[in-house]
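A.B. asks: So the protein lines, in turn, are chains A and B. For the first sequence, this note's numbering gives the first residue as 7, with consecutive numbering after it. For the second sequence, this note's numbering gives the first residue as 145, with consecutive numbering after it. Built from N, CA and C at the ideal position, the CB exists for glycine as well. I have a structure I would like to understand better, so I am pasting it below and will then ask my questions one at a time.
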Amino acid sequence: MLAVEWLLLLFLIVCALAVSISKNLLNSVIIFMSYSLVMAVIWVLLRSPDLAITEAAVGAGVTSVLFFLALRKIGQLGHKDDEDNK
Amino acid sequence: MNEELRRIWKSFFDWVMGNGPRPENEVIPPEPPPDLPFTRKPKDKYSRFHEATLKERYNQWLEIHGLHLFSVLYAGLSVLTCIVIVSLLLATVAELPPFGHERNPANNEVIRRYVEHGGHETGAQNIVAGLILDYRAFDTFGESAVLFTAAVSVLMLLGASRRNRAESELQPHTYEIGRNFLQRGPPSLGHHVFRRDDTILHSVANLSIPVILMMGCVVVINGHLSPGGGFSGGAILSTALILAANAYGFERVHEFFNERTFIISSSTALMIYALSKGYSFFTGANHIHSIIPKGTIGNILSGGLILPLNLCVGLIVAGTLYGFYALFSEGDM
């Protein structure tokens, strides 16, 4: 169990660095989602399932959706339709 | 006397400033406008070197090297600040007590009270729910009110701009659709209208929306029995609403959940929350026996006020988060 925890914590640090280093904003948001998901697993391992559910729903769900919305608004999603309608 | 004093002060002032006696009809020339920094052309470095004073030489040097020096200083200071803050935070983390140790300051009589008496005092099996919706229900009420206020402010701001735009830009918009039609053939339904012909999105939404909705309802309703509660369940419900809006279009969601329903449901939920919790606080503070039964721990109808309060918070959170998405996406709800 301890090895899994260390692995997840290492993954968290790598994710946190990758979010800030990544040049593509879409990649950043997706990495941020995975960060929240791993954080939720860590909350479960730390025996706080309440926080885990909230983290999974808000951190990985709603926040990322709002980020995607912001990216679409500033035209960074790279969707073909968005460029057509400019 | 007064006149005399003023004359003496004036002559003293002139003597201090190094002026001679002032003529009666003196015309003071307007001051030249000050030079903007870094806009003057730097003088030749060596032309007046032998006679330049130290200050002039310093100013010349600053004009030539100032910008470079500033950027170097800026970078150095920012790196220094980062290092200082990071080391301070790391030092603080190193000072923290070990995780989960029994003699930590967090393990005091408060937590013992919650763990030992939380069950029969709140009637909730999930102590966290009993904590945030019974012992500390006032905080949760404030959080819900803040969320609701934020959503209403966004609604007012974006709604006002949308109405103005609709009045002023009705004609150009129609013209643009017509031009698109002429240029590209069939109309592509402006960029604010979602595509409805995405088969993958449709199938996934058909499969997953009922599951997500049920999951959200379970998390909200079982808030006092199992992990979760109003906030997380409401967030799950709002993701289901957002997915439905993306897959089937906003109009389909607006048929049953629009601005009016949101305002009515959220204000009703807040009112119910405030009134019921006010009653509970009033009876608790005055040692009056409350008529709300606690129920048997573990039953679905237990925990006193926690189940209705969870429903209220879930309703507010779901409406607010979906409202944020709809407002920022469409400017409409």
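1. In chain A, which residues lie less than 9 Å from residue 373 of chain B when you measure between Cβ atoms?
2. Under the assumption that residue 458 of chain B contacts residue 381 of chain B (Cβ atoms under 8 Å), give the Cβ distance between them as a whole number of angstroms.
3. Could you confirm whether any beta carbon from chain A is found closer than 8 Å to the beta carbon of residue 472 of chain B?
4. May I ask you to report which of helix, strand or coil DSSP gives residue 29 of chain A?
5. Pick out the complete alpha helix (DSSP H) segments inside the stretch 226-303 of chain B, 4 residues or longer, and give them in chain order.
6. Going straight from the alpha carbon of residue 337 of chain B to that of residue 473 of chain B, what length do you get?
7. Quick check on residue 85 of chain B: buried or exposed, where buried means 16 or more other Cβ atoms within 10 Å of its Cβ?
8. Within the 8 Å Cβ cut-off, does residue 72 of chain A reach chain B?
9. What's the C-alpha gap between residue 12 of chain A and residue 255 of chain B?
10. Is residue 438 of chain B helix, strand or coil by DSSP?
11. Could you work out which residues of chain A lie near residue 380 of chain B, taking near to mean beta carbons separated by less than 7 Å?
12. Anything in chain B within Cβ reach of residue 68 of chain A, meaning under 7 Å, just list it in chain order.
13. Hey, is residue 75 of chain A's beta-carbon within less than 8 Å of any beta-carbon in chain B?
14. When you compare only the Cα positions, how much space is there between residue 379 of chain B and residue 219 of chain B?
15. Please confirm if the stretch 31-49 of chain A is in contact with the stretch 65-82 of chain A, defined as three or more CB-CB distances below 8 Å between the two stretches.
16. Determine the contact status of residue 93 of chain A and residue 73 of chain A, defining contact as a CB-CB distance below 8 Å.
17. When DSSP labels each residue in this structure, what does residue 426 of chain B get in the three-state scheme?
18. Taking the Cβ atom as the reference point for each residue, do residue 394 of chain B and residue 470 of chain B lie within a distance shorter than 8 Å?
19. Quick one: residues in its chain with C-beta nearer than 8 Å to the C-beta of residue 453 of chain B, no 5 flanking neighbours on either side, listed in chain order?
20. Less than 7 Å between C-beta atoms, sequence neighbours within five positions excluded: which residues of the same chain meet that for residue 353 of chain B?
C.D. replies: So, to answer that:
1. Within the second sequence, numbered from 1, the residue matching residue 373 of chain B stands at position 229. Listed along chain A, the residues sitting closer than 9 Å to residue 373 of chain B by beta-carbon distance are 56, 59 and 60.
2. To locate residue 458 of chain B, count along the second sequence from 1; it is residue 314. To locate residue 381 of chain B, count along the second sequence from 1; it is residue 237. With a contact defined as Cβ atoms closer than 8 Å, residue 458 of chain B and residue 381 of chain B qualify at about 7 Å.
3. As a working mapping, residue 472 of chain B is identified with position 328 in the second sequence. It does; some Cβ of chain A falls within 8 Å.
4. Residue 29 of chain A sits at position 23 when you count from the first residue of the first sequence. Three-state result, residue 29 of chain A: coil.
5. For the stretch 226-303 of chain B, the full-length alpha helix (DSSP H) segments reaching 4 residues or more read 253-266 and 271-274 along the chain.
6. Your numbering for residue 337 of chain B matches position 193 in the second sequence. Your numbering for residue 473 of chain B matches position 329 in the second sequence. Residue confidence for residue 337 of chain B is low, a pLDDT of 48 falling below 50, so the modelled location carries little weight and cannot support an answer.
7. Residue 85 of chain B lies beyond the residue range present for chain B, which begins at 145 and ends at 477; the question has no answer from this structure.
8. Residue mapping note: residue 72 of chain A aligns to position 66 of the first sequence, counting from 1. Proximity of residue 72 of chain A to chain B, defined by a Cβ-Cβ separation below 8 Å, is satisfied.
9. The sequence position of residue 12 of chain A within the first sequence is 6, counting from 1. The sequence position of residue 255 of chain B within the second sequence is 111, counting from 1. In this structure, the alpha-carbon of residue 12 of chain A lies about 29 Å from that of residue 255 of chain B.
10. The sequence position of residue 438 of chain B within the second sequence is 294, counting from 1. The answer is coil: DSSP assigns residue 438 of chain B none of H, G, I, E or B.
11. Here residue 380 of chain B is taken as the residue at index 236 of the second sequence, counted from 1. What residue 380 of chain B touches in chain A: 63.
12. Within the first sequence, residue 68 of chain A is the residue found at index 62, counting from 1. Under the 7 Å cutoff, chain B gives 379, 382, 383 and 465.
13. Translated into positions along the first sequence, residue 75 of chain A becomes position 69. Yes, contact with chain B.
14. If you number the second sequence from 1, residue 379 of chain B lands on position 235. If you number the second sequence from 1, residue 219 of chain B lands on position 75. For residue 379 of chain B and residue 219 of chain B, the gap between their C-alpha atoms comes out near 42 Å.
15. Yes, the stretch 31-49 of chain A is in contact with the stretch 65-82 of chain A.
16. With chain A covering 7 to 92 only, the question about residue 93 of chain A has no answer from this structure.
17. Position 282 of the second sequence, counted from the first residue, corresponds to residue 426 of chain B. Three-state result, residue 426 of chain B: helix.
18. As a working mapping, residue 394 of chain B is identified with position 250 in the second sequence. As a working mapping, residue 470 of chain B is identified with position 326 in the second sequence. Yes, they are a contact pair.
19. As a first step, residue 453 of chain B is located in the second sequence; it is residue number 309 there, counting from the start. Non-local C-beta neighbours of residue 453 of chain B in its own chain, meaning closer than 8 Å and more than five positions away in sequence, comprise 277, 281, 284, 374, 417, 420 and 421, ordered along the chain.
20. One-based indexing of the second sequence puts residue 353 of chain B at position 209. Non-local C-beta neighbours of residue 353 of chain B in its own chain, meaning closer than 7 Å and more than five positions away in sequence, comprise 384, 387 and 388, ordered along the chain.
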